[in-house]
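Numbering that gives the first Met the number 0 applies: residue 0 is where the sequence shown begins, and numbers increase by one. Reading through the structure tokens given below for one structure.
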Amino acid sequence: MKNSEPIIKVDHLFYRYEKENVLEDISIEVPKGAFLGIVGPNGSGKSTLLKHLLGLLKIQQGKIQLFGTEIRSFKDWDRIGFVSQKANSFNTGFPATVYEVVLSGLTRKIGLFRFGSREDRKKVDHILESVGMLDFKNRNIGELSGGQQQRVFIARALVSEPDLLILDEPTVGVDAQNVNQFYDMLENLNKELHITLVLVTHDIGVISDKVTHVACLNKNLHFHGSTFEFNALKERDLSSIYGHDVQVITHHH
């Protein structure tokens, strides 16, 4: 793959449920190494766009390319990791350690109910360290806070070494005190491990503070560009996207 080729390329994507358009003429490019934040109000089409990127919805109109390949013929799904809003609904009685949960991210490679090779175990330790959870590796997943669980789920998605990580509202269920640390961790993963990230979030303050690129979605694509360009937008411009007053509060450290 050429460096100049975007990891994700969406061209003139439309999607409708029954008679209502949910996405209208969406075109987005995500370059390698970017950290894209997708923001928009409830019902703006963010989840529908994510389902398209993950191959879960059939394209009605438009085109999507992943790593330079048309999504219809894309087979390398191991190159994409996904983290959903799990912390909010996770079964805290689930009998597995942090280590076992992360190792399960290698199931396709090593098979079910295997302990993994020495190399696999080193890989699990390394990725747990990168998300700040190595000290918890023998702890039961149900004993952790929502924020800690989400870090473990991110480690599970990363252990297979994907080139792209997609996160859907990952701070749902994470207490406010830990949200900043959580976003710091994502920023470090992007900068230090050079993983391309796509983050769907309601938190506009994080967008202006952490990501490299921003897409504002509300059925149409109202903005797509660098964080620098996004930060130059006036609050009244954002309010017109959201349909109500919006105040941007950045997260200082």
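Positions of the beta carbon are idealized from the N, C-alpha and C atoms, including for glycine.
Under the three-state DSSP convention, the category residue i falls into
i    : result
I79  : strand
T195 : strand
G204 : helix
E69  : strand
S225 : strand
L157 : helix
L220 : strand
S46  : helix
Cα-Cα separation, residue i to residue j
i    : j    : result
P21  : Q59  : The question names Pro, yet the displayed sequence has Val at residue 21. Roughly 12 Å between the two C-alpha positions.
T195 : G32  : 4 Å
E228 : H221 : 13 Å
G61  : V97  : 41 Å
H51  : I6   : 14 Å
G39  : Y16  : 19 Å
S144 : K218 : 34 Å
F66  : E4   : 7 Å
E99  : I70  : 32 Å
L188 : S129 : 8 Å
D24  : G104 : 35 Å
L56  : Y14  : 10 Å
For residue i, the residue or residues it bridges with in DSSP
i    : result
V38  : C215
Y14  : L22
V164 : Rather than Val, the amino acid found at residue 164 in this sequence is Leu. According to DSSP, L164 bridges with G80, L196.
R139 : This sequence places Asn at residue 139; Arg is not what is there. T96.
K62  : D10
E28  : K8
Rounded distance between the beta-carbons of residue j and residue i, thought under 8 Å
i    : j    : result
L216 : S43  : 5 Å
G141 : G204 : About 31 Å separates the two Cβ atoms, so there is no contact after all.
V82  : F152 : 5 Å
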